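Comments concern the structure below.
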Amino acid sequence: MAGRTRARVTAVNKNYRSATMSEQQSAEEIAHQPSSASTTVPDDTIHSAYTKASSQVTPQRPQHNSLGSHQNQGSNGQSQNGTIRNEHSEATNGVSENGIEMLGRGTKELVLAINTLERLGLSQGSLAKGNRSKSEIPSPKVVVVGDQSAGKSSVIEAISDIKVPRSSGTCTRCPLNITSVANDEPGAVWQCRVYLHKKFDYHGSYPLPSLTKEKEKIPFHPWVERDAPMDIPFTVVNHKDSLAEIIRRAQLATLNPTHDPDQYIDEHAPFNRNMQVEFSPNLVCLDISGPGLPNLSFYDLPGVINQTEDDGKPYLVKLVKNLVKEYIKSENALVLLATSMEGDAANSSAAKIVRKLKAESRCIGVLTKPDRLPQGDPIDVWKAMLSGKKFQLGYGYFVTKQPAQSDLDRGIDHVDARRMEMEFFESNEPWATEFAEFRPRFGTRNLQDFLSQKLTAQILATLPLIRDRVKLQLDQIDAEIKYLPEPPTHNALGIVLELLQYFTDHVQKAMEGQYPYNEWRLVWKGLRQTFYQKLEDLKPTLRVSGKLDRLFLATTNASPSKDTDPITIDSDEEFGTPCPVPASTPSKKRKMEGPETPSQTPVPPTAIKSQNFNKGPAVRKNQLAKTFMLDEIKKTLDDISTSDIPGEVDPKALDYLIVICLKHWNQPTTEFFTTMEIALRSQLRSIFDEAFEAWASTEIYSEAWAIVEQFLIIHLGEQKDTLAPHMLSVEQEKPFTDDHELWDYHIVNAKQGFQEARLNHLFQKHFQSMASRKPLSQAERERMLKDPVLREKFKNDPYHREVEVMAKIRGYYKIASTRFYDNICLSLQAKLFRKLRTALHEELTSGLKVYEGDGRERCIQLLAEDGERRQQRFALMNRRKALLEGQKCLDELDRKYQEGPVNSSDVSNGSSPLPLQSYAAEHPTSSDPMELEEV
Numbered sequence: 000m001a002g003r004t005r006a007r008v009t010a011v012n013k014n015y016r017s018a019t020m021s022e023q024q025s026a027e028e029i030a031h032q033p034s035s036a037s038t039t040v041p042d043d044t045i046h047s048a049y050t051k052a053s054s055q056v057t058p059q060r061p062q063h064n065s066l067g068s069h070q071n072q073g074s075n076g077q078s079q080n081g082t083i084r085n086e087h088s089e090a091t092n093g094v095s096e097n098g099i100e101m102l103g104r105g106t107k108e109l110v111l112a113i114n115t116l117e118r119l120g121l122s123q124g125s126l127a128k129g130n131r132s133k134s135e136i137p138s139p140k141v142v143v144v145g146d147q148s149a150g151k152s153s154v155i156e157a158i159s160d161i162k163v164p165r166s167s168g169t170c171t172r173c174p175l176n177i178t179s180v181a182n183d184e185p186g187a188v189w190q191c192r193v194y195l196h197k198k199f200d201y202h203g204s205y206p207l208p209s210l211t212k213e214k215e216k217i218p219f220h221p222w223v224e225r226d227a228p229m230d231i232p233f234t235v236v237n238h239k240d241s242l243a244e245i246i247r248r249a250q251l252a253t254l255n256p257t258h259d260p261d262q263y264i265d266e267h268a269p270f271n272r273n274m275q276v277e278f279s280p281n282l283v284c285l286d287i288s289g290p291g292l293p294n295l296s297f298y299d300l301p302g303v304i305n306q307t308e309d310d311g312k313p314y315l316v317k318l319v320k321n322l323v324k325e326y327i328k329s330e331n332a333l334v335l336l337a338t339s340m341e342g343d344a345a346n347s348s349a350a351k352i353v354r355k356l357k358a359e360s361r362c363i364g365v366l367t368k369p370d371r372l373p374q375g376d377p378i379d380v381w382k383a384m385l386s387g388k389k390f391q392l393g394y395g396y397f398v399t400k401q402p403a404q405s406d407l408d409r410g411i412d413h414v415d416a417r418r419m420e421m422e423f424f425e426s427n428e429p430w431a432t433e434f435a436e437f438r439p440r441f442g443t444r445n446l447q448d449f450l451s452q453k454l455t456a457q458i459l460a461t462l463p464l465i466r467d468r469v470k471l472q473l474d475q476i477d478a479e480i481k482y483l484p485e486p487p488t489h490n491a492l493g494i495v496l497e498l499l500q501y502f503t504d505h506v507q508k509a510m511e512g513q514y515p516y517n518e519w520r521l522v523w524k525g526l527r528q529t530f531y532q533k534l535e536d537l538k539p540t541l542r543v544s545g546k547l548d549r550l551f552l553a554t555t556n557a558s559p560s561k562d563t564d565p566i567t568i569d570s571d572e573e574f575g576t577p578c579p580v581p582a583s584t585p586s587k588k589r590k591m592e593g594p595e596t597p598s599q600t601p602v603p604p605t606a607i608k609s610q611n612f613n614k615g616p617a618v619r620k621n622q623l624a625k626t627f628m629l630d631e632i633k634k635t636l637d638d639i640s641t642s643d644i645p646g647e648v649d650p651k652a653l654d655y656l657i658v659i660c661l662k663h664w665n666q667p668t669t670e671f672f673t674t675m676e677i678a679l680r681s682q683l684r685s686i687f688d689e690a691f692e693a694w695a696s697t698e699i700y701s702e703a704w705a706i707v708e709q710f711l712i713i714h715l716g717e718q719k720d721t722l723a724p725h726m727l728s729v730e731q732e733k734p735f736t737d738d739h740e741l742w743d744y745h746i747v748n749a750k751q752g753f754q755e756a757r758l759n760h761l762f763q764k765h766f767q768s769m770a771s772r773k774p775l776s777q778a779e780r781e782r783m784l785k786d787p788v789l790r791e792k793f794k795n796d797p798y799h800r801e802v803e804v805m806a807k808i809r810g811y812y813k814i815a816s817t818r819f820y821d822n823i824c825l826s827l828q829a830k831l832f833r834k835l836r837t838a839l840h841e842e843l844t845s846g847l848k849v850y851e852g853d854g855r856e857r858c859i860q861l862l863a864e865d866g867e868r869r870q871q872r873f874a875l876m877n878r879r880k881a882l883l884e885g886q887k888c889l890d891e892l893d894r895k896y897q898e899g900p901v902n903s904s905d906v907s908n909g910s911s912p913l914p915l916q917s918y919a920a921e922h923p924t925s926s927d928p929m930e931l932e933e934v
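Residue numbering for the sequence shown follows numbering that gives the first Met the number 0, beginning at 0 and increasing consecutively.
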């Protein structure tokens with residue numbers, strides 16, 4: 000059974016279904032022993048249960064307190080004997096180091112897989128367009144943070160069993176990625192591969208003293224993220240004693256970005272220890288393998304600083320804080336927060352960053368330098384932290400004691416360091432006395448074990464999402480690359496001709512307007528209707544009151560009242576006239592009553608009710624529209640007429656009155672051509688971009704569009720600047736129509752409307768006069784309206800000639816405006832649109848010179864890409880290559896776990912029988928990244 004040992008692993012491999020219930024119960028009793036139990040289980044029983052547990056054991060989700068330990072409900076974090084217990088409490092109570100290591104070996108393949116994805120740069124999000132956050136690939140990791148001189152380096156050394164550079168002040172000036180994996184094969188030796196992971200380029204040309212708004216967008220100024228990361232092999236170290244110096248040299252190579260890293264490799268060669276920059280966001284990576292190592296991967300970040308040695312570089316404080324935030328903010332990061340016990344925990348800048356980013360729930364506290372706890376200082380704060388009452392963290396706090404400098408100077412090894420550490424906690428106050436209840440949280444080995452298990456759980460729960468995100472990014476990049484094809488060489492002419500044909504074919508379909516290519520037809524229809532309505536808004540109107548009314552009413556025994564506001568009659572006499580666009584419903588109401596209602600069918604004129612004429616001045620649709628006064632028309636007819644016959648109308652006077660109504664047609668015409676040009680250009684550009692989008696940064700894109708624009712300018716300009724002004728001048732020259740039937744129709748309708756308006760106006764005056772002497776009831780008003788004698792008197796209107804002339808003015812306006820509208824639109828369709836349908840393709844091939852001389856070379860030139868496009872495609876192709884490698888890594892991991900039961904040699908190699916797909920099915924990722932099944 001030893002070959003199948005995995006503590007608290009949930010698996011669904013069918014080969015392990017035969018595990019007995021007693022075995023399951025035995026494993027669960029030890030792996031999830033409630034902390035309230037008063038009986039201590041012997042360590043050999045724990046180890047036995049772990050080794051007998053099959054991979055089919057599916058533990059119940061335990062209850063966690065703030066320390067991450069399993070607690071009995073209501074125990075308030077303590078057992079009956081006052082001891083806090085958790086899944087790690089017995090790990091170092093007499094169990095051999097090999098027994099502890101058994102818990103972590105199954106993580107080896109998982110840790111290596113995640114490291115591969117990290118090194119490929121897959122956690123930085125998609126380079127393709129779209130929502131980057133939704134496609135970002137999660138990367139479970141352990142991140143070690145702390146303030147400057149908080150003892151981070153000592154914790155790192157203890158966990159990884161290596162020596163890191165030490166110096167006064169800041170030791171870590173760029174992130175370290177340390178990966179430790181067990182290699183227990185016969186003859187395996189300790190080895191460390193060191194390389195530089197370059198994710199950012201240094202832009203030292205930026206002025207540094209102050210940060211501008213533009214530079215604030217660059218979180219690691221003056222470092223700018225690359226399109227694709229790059230790994231630079233540095234060296235391989237075979238002796239632990241040499242590693243600290245190599246790390247120092249690798250950091251110097253990173254902190255001198257313009258230097259060749261090779262000059263820093265030879266540990267015996269002299270080199271310049273100066274630094275071009277004080278901090279770098281680029282990684283120094285250590286891949287360590289060897290017998291008995293924990294399977295862990297973590298990031299050691301520079302200590303958080305609040306000021307710099309050089310007052311002229313305040314941006315360094317921000318750079319370091321942004322670097323720490325960048326690693327902490329990932330929801331899949333386990334944060335290891337180092338806090339020195341020789342200071343005040345409340346003043347930790349790193350802790351403030353953790354809390355600001357709301358990362359406490361996935362944070363593990365590590366209290367360092369317990370031997371430097373000031374004598375006589377109260378220990379209540381530290382006890383409250385360990386019990387989860389103050390400065391709470393999701394996984395509580397561990398306490399580690401690392402060797403003193405004197406011990407390091409005499410060459411103490413890792414085994415002795417761990418032994419001395421436990422002796423310190425067992426024999427010194429308050430650790431062996433007042434803090435004895437927290438003993439499971441003391442020591443580096445407990446911390447190692449906890450980290451290994453938590454990281455394994457995090458990786459297993461995140462793998463399905465990682466796989467989905469990798470596929471999503473691949474799909475996004477494939478879609479993007481589709482529009483960035485490599486420049487052709489052999490078939491350049493064919494590609495150019497195909498592009499031009501596609502574009503001109505779609506332009507032709509748009510101009511023809513057949514469904515589903517009817518977008519432009521609908522736009523064009525709307526533009527025409529607007530143009531027609533604006534011409535309608537300029538039609539002449541009439542004020543129906545005149546100076547002769549008072550005398551007329553007096554002679555008819557209808558005493559005139561004091562004049563009220565004049566009435567404007569806007570009569571739509573064109574009822575029943577065929578119209579290319581929806582006609583307006585006839586209205587003899589005053590202007591103030593609002594716009595007319597469109598109608599598709601002619602409507603006969605209706606009488607205007609008297610109550611519609613007492614609402615005050617009219618509101619005009621267009622202030623440029625001509626409003627005639629009856630007396631104005633009378634004066635014009637009298638002044639211009641050369642006839643001595645009373646009431647005769649001189650044709651010149653009528654022509655004059657008609658033409659002055661047309662003089663403002665240039666305004667709606669100009670507006671129509673302006674809006675149509677914008678709409679047509681937009682339509683053509685949309686079709687053009689659809690056809691040429693993949694070649695947007697090439698010469699063919701810019702040149703072809705310039706030809707299209709010039710084509711539009713020429714042919715639309717011909718309509719706008721030549722034909723339309725000519726049509727307008729013809730209409731304004733002299734009135735003309737030879738359609739007698741249409742002329743009579745409009746005059747009759749208009750005359751009927753104006754006469755009815757005059758009659759209602761006279762009745763209104765009569766009613767007002769009568770009401771001034773005696774109030775009139777509605778019945779009396781209606782009786783008077785029907786009085787034949789009174790109606791007959793009012794029909795002898797003193798302005799009957801002027802009303803008839805106004806009817807002719809309105810009748811002709813309708814004929815002329817409709818004819819002008821038709822001619823403008825017909826000319827555009829017959830000339831401009833036809834040119835776009837039939838002549839644009841030839842214009843493009845000629846303008847691009849694809850048939851002149853060596854057409855192939857010309858087309859290669861047209862399709863040649865610029866540097867920006869080349870760089871964009873190169874970045875996408877590199878990203879795609881990395882994603883495919885990541886996908887391959889995940890597939891290999893999955894295949895390995897699908898092979899069935901694992902043998903003893905597999906365990907020694909650190910593999911696991913857990914199928915990834917099955918684990919994903921039974922253990923969906925929680926919304927809280929740390930609420931995971933224990934494995």
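Backbone N, C-alpha and C define an ideal beta-carbon position, used for all residues, glycine too.
Computed from a prediction, not measured in an experiment: that's the story for all the values here.
Closer than 6 Å by C-beta to residue i: which residues in its own chain qualify, once you throw out the five before and the five after it? Chain order, please.
i	result
aspartate 720	none
serine 339	Ala149, Gly150, Thr367, Lys368
arginine 527	Cys824
For residue i and residue j, what's the separation of their Cα atoms in angstroms?
i	j	result
valine 602	glutamate 535	Confidence is the limiting factor: at valine 602 the pLDDT is only 34, short of 50, which leaves the residue's position unreliable, though a coordinate-based value still follows. C-alpha separation (whole angstroms): 17 Å.
methionine 769	arginine 542	23 Å
leucine 471	proline 463	12 Å
phenylalanine 233	valine 398	35 Å
glutamate 891	glycine 442	36 Å
tryptophan 523	serine 681	12 Å
lysine 239	alanine 460	34 Å
phenylalanine 434	cysteine 888	46 Å
glutamate 689	glutamate 135	29 Å
histidine 725	proline 774	60 Å
phenylalanine 819	threonine 668	10 Å
histidine 196	lysine 357	29 Å
Let me check one thing: in DSSP terms, what residues is residue i bridge-paired to?
i	result
tryptophan 742	In DSSP, tryptophan 742 forms no bridge with anything.
glutamate 224	Phe199
glycine 364	Leu336, Tyr396
leucine 175	Val283, Asp299
isoleucine 231	Leu195
What span of residues does the alpha helix (DSSP H) with residue i cover, start to end?
i	result
phenylalanine 449	443–481
tryptophan 189	Careful: tryptophan 189 lies outside any alpha helix (DSSP H) and carries neither H nor E.
threonine 253	239–254
threonine 668	665–691
State the CB to CB distance for the pair residue i and residue j, rounded to an integer number of angstroms; the pair is presumed to be in contact (CB under 8 Å).
i	j	result
lysine 453	alanine 337	Incorrect: roughly 17 Å between the Cβ atoms, too far for contact.
alanine 652	isoleucine 644	Incorrect: roughly 14 Å between the Cβ atoms, too far for contact.
Excluding the 5 residues flanking residue i on each side, which residues of the same chain have their C-beta closer than 7 Å to its C-beta?
i	result
proline 429	Ile378
tyrosine 812	Lys538, Pro539, Cys660
arginine 192	Val235, Asp286
glutamate 864	Pro486, Ser696, Thr697
phenylalanine 219	Phe199, Pro280, Leu318, Asn321, Leu322
Can you find a C-beta in chain C that's less than 8 Å from the C-beta of residue i?
i	result
glutamine 622	Of the chains in the structure shown, none is chain C; there is only one protein chain.
Output the boundary residues of the beta strand (DSSP E) element that contains residue i.
i	result
isoleucine 287	282–289
lysine 140	140–145
aspartate 299	295–299
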